[in-house]
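Following: one structure in structure tokens, then a few remarks.
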Amino acid sequence: METHGTIAPASLDEAEAAFDRVGPTAQVVVRETAKAMEFDREEYSERVTGDVIETVRNALFAESLSVTVGTRAEFDDWRSTHEEYELVELGNPDVERVAWHAVPFAETVL
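Structure, rendered in structure tokens:
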């Protein structure tokens, strides 16, 4: 098994704080991308909306979440020691390798 990502919030407050921290980074990423695409002021104002920045923020946060990657057997072993966690399975269940993110404060695994 291996783990990717660095954010593993232990509470909803920690998750919200981590999400808030990526906001300024999202703004910089959008601004620098628009600059590289040579947007003038008018085009920037028209095309760079709050939704655009929010999409980048969501992507940065999601990409930073701690995710475990392993075999289906390793995941099944993990689940057997975390039976209280509700499983939200996305994608095809019939694969050899799986990735999962545990949310301890919500007793959920995605």
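Quick note: the sequence shown uses full-length UniProt numbering, first residue 1, plus one each step.
Beta carbons: idealized from backbone N, C-alpha and C, even for Gly.
1. Could you tell me the alpha carbon to alpha carbon distance between Val69 and Glu42, rounded to whole angstroms?
2. Taking all protein chains shown into account, decide if Arg57 is buried (16 or more other Cβ within 10 angstroms of its Cβ) or exposed.
3. Tell me which residues share the same chain as Phe19 and place their Cβ nearer than 8 angstroms to its Cβ, disregarding the 5 neighbours each side in the sequence.
4. Considering only the beta carbon of each residue, do Val48 and Ala34 sit closer than 7 angstroms?
5. Run through DSSP, which three-state label would Thr49 get?
From the atom records:
1. 44 angstroms
2. buried
3. Arg57 and Phe61
4. Yes, Cβ-Cβ distance for Val48 and Ala34 is below 7 angstroms.
5. coil
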